[in-house]
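Shown next, in structure tokens, is the structure this report addresses.
Residue numbers (my numbering): 59 to 171.
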């Protein structure tokens, strides 16, 4: 039986070559997560995938999951997780979440083409 982590990875691997993003709610629906706290449950799965991608020096698949709204970037917890792993420094004045996210999407498209 597949774990939710491996199912999430498969979903994201299918989106990566196209740089196609989905919302946290869409990811929850695809994983069959309906019991609250839905978004927190998805975030925990995505954080595990972040750890795996960082350890294997691959582009961050979890970048494809974004918050609903005008920004179309991941939630703050995504960036905080990357910061805690030393991948980014969110405290730098020059750090731009949207720009970093766009670059990561480009890396995903190139890597998984």
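Note that the Cβ used here is the ideal one computed from N, Cα and C, for glycine as well.
Look at the alpha carbon of residue i and the alpha carbon of residue j, and state the distance between them as a whole number of angstroms.
i: residue 59; j: residue 150; result: Only weak support is given to the placement of residue 59: the predicted model assigns it a pLDDT of 49, under 50, and the question is left unresolved by the model.
i: residue 126; j: residue 64; result: 24 Å
i: residue 80; j: residue 163; result: 12 Å
i: residue 143; j: residue 114; result: 13 Å
i: residue 118; j: residue 171; result: 15 Å
i: residue 161; j: residue 110; result: 19 Å
i: residue 108; j: residue 93; result: 23 Å
i: residue 146; j: residue 90; result: 31 Å
Going by C-alpha to C-alpha distance, which of the options sits closest to residue i?
i: residue 67; options: 145, 123, 132; result: 123
i: residue 98; options: 171, 165, 170, 132; result: 132
i: residue 62; options: 71, 100, 74; result: 100
i: residue 106; options: 90, 171, 120; result: 120
i: residue 156; options: 169, 129, 146; result: 129
i: residue 169; options: 116, 85, 84, 86; result: 116
So, for residue i: in the same chain, excluding its five sequence neighbours on each side, which residues have a beta-carbon less than 8 Å away from its beta-carbon?
i: residue 167; result: 74, 75, 76, 77
Using 9 Å as the threshold, is the C-beta distance between residue i and residue j below it?
i: residue 112; j: residue 71; result: no
Enumerate in chain order the residues of its own chain whose CB-to-CB distance from residue i is below 6 Å, with the five nearest sequence positions on each side excluded.
i: residue 103; result: 62, 63, 66
i: residue 148; result: 137, 141
i: residue 95; result: none
i: residue 69; result: 88
i: residue 86; result: 96, 100
i: residue 165; result: 117
Near residue i, which residues of its chain fall below 7 Å by C-beta distance, leaving aside the five closest residues on each side in sequence?
i: residue 134; result: none
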